[in-house]
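When we follow the working numbering, the leftmost residue of the sequence shown carries the number 1139, and every step to the right adds one. What follows is a single structure, written as structure tokens, with notes after it.
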Amino acid sequence: MRRLFVIFIVGMSLFLVSCRKDFAFEASNGGLEFSKQTVYLDTVFTNIGSSTYRLKVYNRSSKDISIPKVQLGKGTNSKYRITVDGLTGDAGAQNKIFTNVPLLAKDSLFIFVEVTSDVANANPTDFLYTDTIDFYNASSAPQQVNLITLIQDAIFIKPDKPLSTGIKETLSIQGLEGVEGHVLTTPSELNWTSTKPYVIYGYAAVPNGSTLTIGAGTSVYFHANSGLVIDNQAKINVNGSLNVLDSDGKIITKNEVTFEGDRLEPDFENVPGQWGTVLLFSSLNNTIDHLTLKNSVIGLYIQSNNATSGSPNLTITNSQIYNNANFGILGIDATITGKNLVINSAGQSSFAGTYGGNYNFSHCTFNNNFNNSKQKAVLLTNYLVLDDGTLTPPNPLNQSNFTDCILYGNNQTEIALQQNGGVFNYQFTNCIIKFNSQVAGSGLYDFNSTNYSGSNIATNSSQFNPNFKNANQNKLWPTQDISQGSILNPIKDILDKLRTSGNNNVGAYQTIPN
């Protein structure tokens, strides 16, 4: 009996389906509603496709309707592209024009929008490229949704691909053989200015005997898996300066140099790992001043790749490095001098000086608010860990001096000192150090020793707290006076604010009260 009942229900279902008539659609009379009246597509570079943006269209009525036509206002000449509920449009006008688009009662449809345009197509006064999506109906003028995007002209540096071979250019630098990239050779390639932003695909390489000079206000955007390489006898000079701000703190004149990924949408503003690294092999006098670098895998990767070229050498001042997937700065047997340097949020360490080297930092802020229980603000070692887990023999950590610095973060301990015998010299003078561990007071962490002269050890979040404005937003200036620095070097902070003997905070910033 039960079996007969099931057969009856299935049969009735099939009967009802077979008797169902097609939906009766009537022409739309307007009255559509939209999730946005204007779709703002974020800044894109000339002739580089945008991300995809979504618009939702609602039929609030109780009638099944057919929209006679959905089309871009500029028709087939538009630089925008749309898909409507997965459809690509009319033959010969794909992604531009759609006729008789059905929309059920109390239902909605999705429209996805993209754009690829040359800056020449944009308004010459504001570089905006605009269009509309027009929704036709049977009784009145079309309803419209506005489309707006900013087109930015740029200089593109990418691997050459000769027509004769069709093979992309690769690097011949030791250790990077076969990596896609472009060697910078001409004067224009080796002198970057603020006239236009630079967009890098692959690795841009500065060859031996050449110097890359980057002028104040220059913006550099790196595509995924891209970066910059300075060979062992090459050189880089980043010559940024202080931005000019109005009374509300908004930039009037951009003078700092910026390195970041080429995804310009707000959702990618602080996403780590969008591009590779700046890889510096050079033992020459490389300098970086007023640089903001963010969202890479490793911000600055400084190591030697040639036994005869000496230790890689960098002086970095008045600079900020944020939101990197692994390290803000990774030095491997490097020589680094830093003043008024701020590093925040890295998956492993904000600063790591590994396999020995020579490091001297004064008035620097090393903070780590990365969401990782193992992250540190500062890591120092005199060895490397090999792929099989074994340790290399020690290489001398000749000096690692931190003076008037802040080493802080959201973990209990924010420094890690790891020695494998050999020379291991370290000195923290008049610093704030967050460290709450059972090993405190012994060995390398004997805070009563001269290695920590004048330093304050924060064993919890309320003790010697720097009171940053907002570390999660990379606002790392103290909002209350904190421990006075011992050495006025440099005499001004990262914002060019004068330090005096009676008003000299540790870290890169002087106090900015709330």
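Glycine included, C-beta positions come from ideal geometry on N, C-alpha and C.
Decide if residue i is buried, meaning its Cβ has at least 16 other Cβ atoms within 10 Å, or exposed.
| i | result |
| --- | --- |
| S1621 | buried |
| N1506 | buried |
| Q1290 | buried |
| S1216 | buried |
| N1598 | exposed |
| V1416 | buried |
| V1577 | exposed |
| K1159 | Low local confidence applies: a pLDDT of 46 at K1159 is under 50, so the model's placement there is unreliable, with the coordinate-based value given in what follows. When all chains shown are included, K1159 counts as exposed. |
| A1258 | exposed |
| T1287 | buried |
| P1450 | buried |
| N1461 | buried |
| T1323 | exposed |
| Q1312 | exposed |
| K1373 | buried |
| T1190 | exposed |
| E1398 | buried |
| G1547 | buried |
| N1261 | exposed |
On the DSSP bridge list, what partners appear for residue i?
| i | result |
| --- | --- |
| H1320 | A1342 |
| E1171 | Y1196 |
| K1572 | A1596 |
| W1413 | S1434 |
| T1176 | N1284 |
| G1365 | Y1341 |
| D1269 | L1285 |
| T1263 | According to DSSP, T1263 bridges with nothing at all. |
| T1308 | E1318 |
| I1205 | V1239 |
| K1477 | T1455 and S1500 |
| S1278 | Note: S1278 sits in no beta bridge, so no partner. |
| A1165 | S1204 |
| D1427 | N1377 and T1455 |
May I have the straight-line CA-CA distance separating residue i from residue j, to the nearest angstrom?
| i | j | result |
| --- | --- | --- |
| L1266 | N1185 | 14 Å |
| L1152 | N1464 | Interpretation of L1152 is limited by its pLDDT of 45, a score under 50 that renders its predicted location unreliable; the figure taken from the coordinates is listed afterwards. Going by the C-alpha atoms only, they are around 60 Å apart. |
| I1295 | L1429 | 20 Å |
| V1644 | T1254 | 48 Å |
| S1447 | Q1618 | 46 Å |
| S1457 | L1582 | 29 Å |
| V1239 | N1233 | 13 Å |
| I1459 | N1482 | 7 Å |
| Q1611 | G1476 | 22 Å |
| N1642 | L1626 | 7 Å |
| G1494 | N1652 | 41 Å |
| C1502 | N1284 | 47 Å |
| W1413 | T1263 | 32 Å |
| N1536 | S1500 | 17 Å |
| N1539 | L1179 | 47 Å |
| Y1218 | I1440 | 43 Å |
| I1220 | F1163 | 23 Å |
| P1653 | L1380 | The chain is shown from 1139 up to 1652; residue 1653 falls before or after that span and cannot be answered. |
| S1173 | V1195 | 7 Å |
| Y1339 | P1531 | 38 Å |
| S1639 | N1603 | 22 Å |
| A1279 | P1206 | 12 Å |
| A1472 | G1491 | 8 Å |
| Q1281 | S1487 | 54 Å |
| S1302 | R1401 | 32 Å |
| P1297 | V1321 | 8 Å |
| L1518 | N1589 | 14 Å |
| G1707 | S1199 | In the structure as shown, the chain begins at 1139 and stops at 1652. Residue 1707 is therefore absent and cannot be evaluated. |
| K1512 | D1269 | 49 Å |
| N1568 | D1584 | 15 Å |
For residue i and residue j, which I take to be in contact (beta-carbon distance under 8 Å), what is that distance rounded to the nearest angstrom?
| i | j | result |
| --- | --- | --- |
| I1271 | L1210 | 6 Å |
| V1395 | T1356 | 5 Å |
| D1369 | A1343 | 7 Å |
| L1247 | F1236 | Actually they are not in contact, since the Cβ atoms of L1247 and F1236 sit about 10 Å apart, beyond 8 Å. |
| T1424 | L1418 | Strictly speaking, residue 1424 in this sequence is Asn, with Thr absent from that position. Their Cβ separation, rounded to whole angstroms, is 6 Å, which keeps N1424 and L1418 in contact under 8 Å. |
| I1467 | F1489 | 5 Å |
| I1305 | K1299 | 7 Å |
| N1653 | Y1521 | What the structure shows of the chain is the stretch from 1139 to 1652, and residue 1653 is not part of that stretch, so it cannot be assessed. |
| A1646 | D1631 | 6 Å |
| T1351 | N1377 | 7 Å |
Tell me whether residue i counts as near the ligand MG, meaning its Cβ is closer than 7 Å to at least one heavy atom of that ligand.
| i | result |
| --- | --- |
| G1414 | With respect to the ligand MG, the structure shown offers nothing to examine, as it has no ligands at all. |
Can a CB atom of chain C be found closer than 8 Å to the CB of residue i?
| i | result |
| --- | --- |
| P1297 | The structure shown has no chain C; it contains just one protein chain. |
inquiry  = For a minimum of 4 consecutive residues, which ranges assigned as the alpha helix (DSSP H) are wholly contained in the stretch 1506-1568?
reply    = none
key: Contained beta strand (DSSP E) runs [length at least 3] in the stretch 1439-1471, N- to C-terminal order   = 1451-1462
request  = Kindly provide the ranges of any beta strand (DSSP E) runs that are 3 or more residues long and lie completely inside the stretch 1586-1644, ordered along the chain.
outcome  = 1594-1596, 1606-1608 and 1613-1616
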